[in-house]
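Residue numbers (the working numbering): -13 to 182. The beta carbon of each residue, even a glycine, is placed where N, CA and C say it ideally should be. Computed from a predicted model, the values in this text were never measured in an experiment. Below: one structure, written as structure tokens.
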Amino acid sequence: MAGETANSNEIVIPSITRVWYAAVGTTVPADAVVAMPAGWRSVGLTTEDSLKFNSEPNFEQVRSAQSSYPTRTFQTQDAATIEVDLQQWSGANFKAVYGGGSITEITPAGGGAGKHYKFTPPRIGSRTEIAAIIEVIDGGKHYRYVIPRTMQMEGVSKDLAKTKEAILPLRLAVQGGDDVDGWYVLTDDPAFAPAP
């Protein structure tokens, strides 16, 4: 059929996904496959089906007496979020999940052996922004969602059921500004090449 654009090579089936985070302003990778620059930390293992990137623009509509349909629609704001369930518990992952906080070494009561640590979540007004990258690999195609600024902005609920895997729910909201894109994608997928 003339104008047919069906192409099964353009179906994306992620075989590997990774989530990375760093301090805001850390150098981002220049393309979709170069090694991650210094300063980026992987969250490690995540559950198979939890990684989601949501883009949620908001719109307003103008209605007029002369039409059953809106006569004008305009966008009022943009929003985007990252959701992923972390399987690895670490101090760095706790700080990402809770939006900051501090970790200190403490002396065990009674002088017990081994080191102990205290994680304290951030106080109101002291949450920290981070940069994030979602990496998706489908065979020879690579995609990196680059989010220069994001912040943890949800409650944290953990299921601590006996003999069941306990995950850390990382929920991040994309932050914006006049001087930076809210998010963008780097890819080597030939289907993204601009039309001639």
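CB-CB under 8 Å to residue i, same chain, minus the five flanking residues each way: which ones, in chain order?
i       : result
Ser(-6) : none
Arg49   : Pro56, Thr57
Residue i and residue j: beta carbons closer than 8 Å?
i      : j      : result
Leu72  : Leu154 : yes
Gly87  : Phe60  : no
Gln161 : Tyr84  : no
Thr33  : Glu46  : no
Thr136 : Ile68  : yes
Can you name the start and end residues of the beta strand (DSSP E) that residue i belongs to?
i      : result
Tyr131 : 127 to 138
Lys104 : 102 to 106
Lys38  : 38 to 41
Tyr7   : 2 to 9
Arg157 : 154 to 160
What residues are listed by DSSP as bridge partners for residue i?
i       : result
Thr173  : Tyr129
Glu46   : Phe60
Thr32   : Leu72
Glu(-4) : Glu(-4) pairs with nothing; no bridge assigned.
Glu91   : Tyr103
Ile116  : Ala9, Thr136
Looking only at its own chain, which residues have a Cβ that is under 6 Å from the Cβ of residue i, when we skip the five neighbours before and after it?
i      : result
Ile89  : Gly77, Tyr103, Phe105
Ile2   : Ile123
Ala175 : Sequence check: residue 175 is Asp here, not Ala. Cβ within range, chain order: Lys127.
Pro134 : Ala117, Val166
Val70  : Val5, Thr32, Ser36, Leu37, Leu156
Arg202 : Only positions -13 to 182 of the chain appear in the structure, and residue 202 is not among them; the question remains open.
Tell me, to the nearest whole angstrom, how far the beta carbon of residue i is from that of residue j; I am working on the premise that it is less than 8 Å.
i      : j      : result
Asn44  : Ala65  : 7 Å
Ala21  : Ile116 : Wrong, their Cβ atoms sit about 20 Å apart, outside the cutoff.
Ala118 : Val19  : Not a contact, Cβ separation roughly 18 Å.
Asn79  : Val29  : 6 Å
For residue i, decide whether its Cβ has a neighbour in chain C, counting only Cβ atoms nearer than 8 Å.
i      : result
Ile123 : In the structure shown, chain C cannot be found, because there is only a single protein chain.
Just curious, the alpha helix (DSSP H) that residue i is in, first and last residue?
i     : result
Ala78 : 77 to 84
Quick one: residues in its chain with C-beta nearer than 7 Å to the C-beta of residue i, no 5 flanking neighbours on either side, listed in chain order?
i     : result
Trp75 : Leu154
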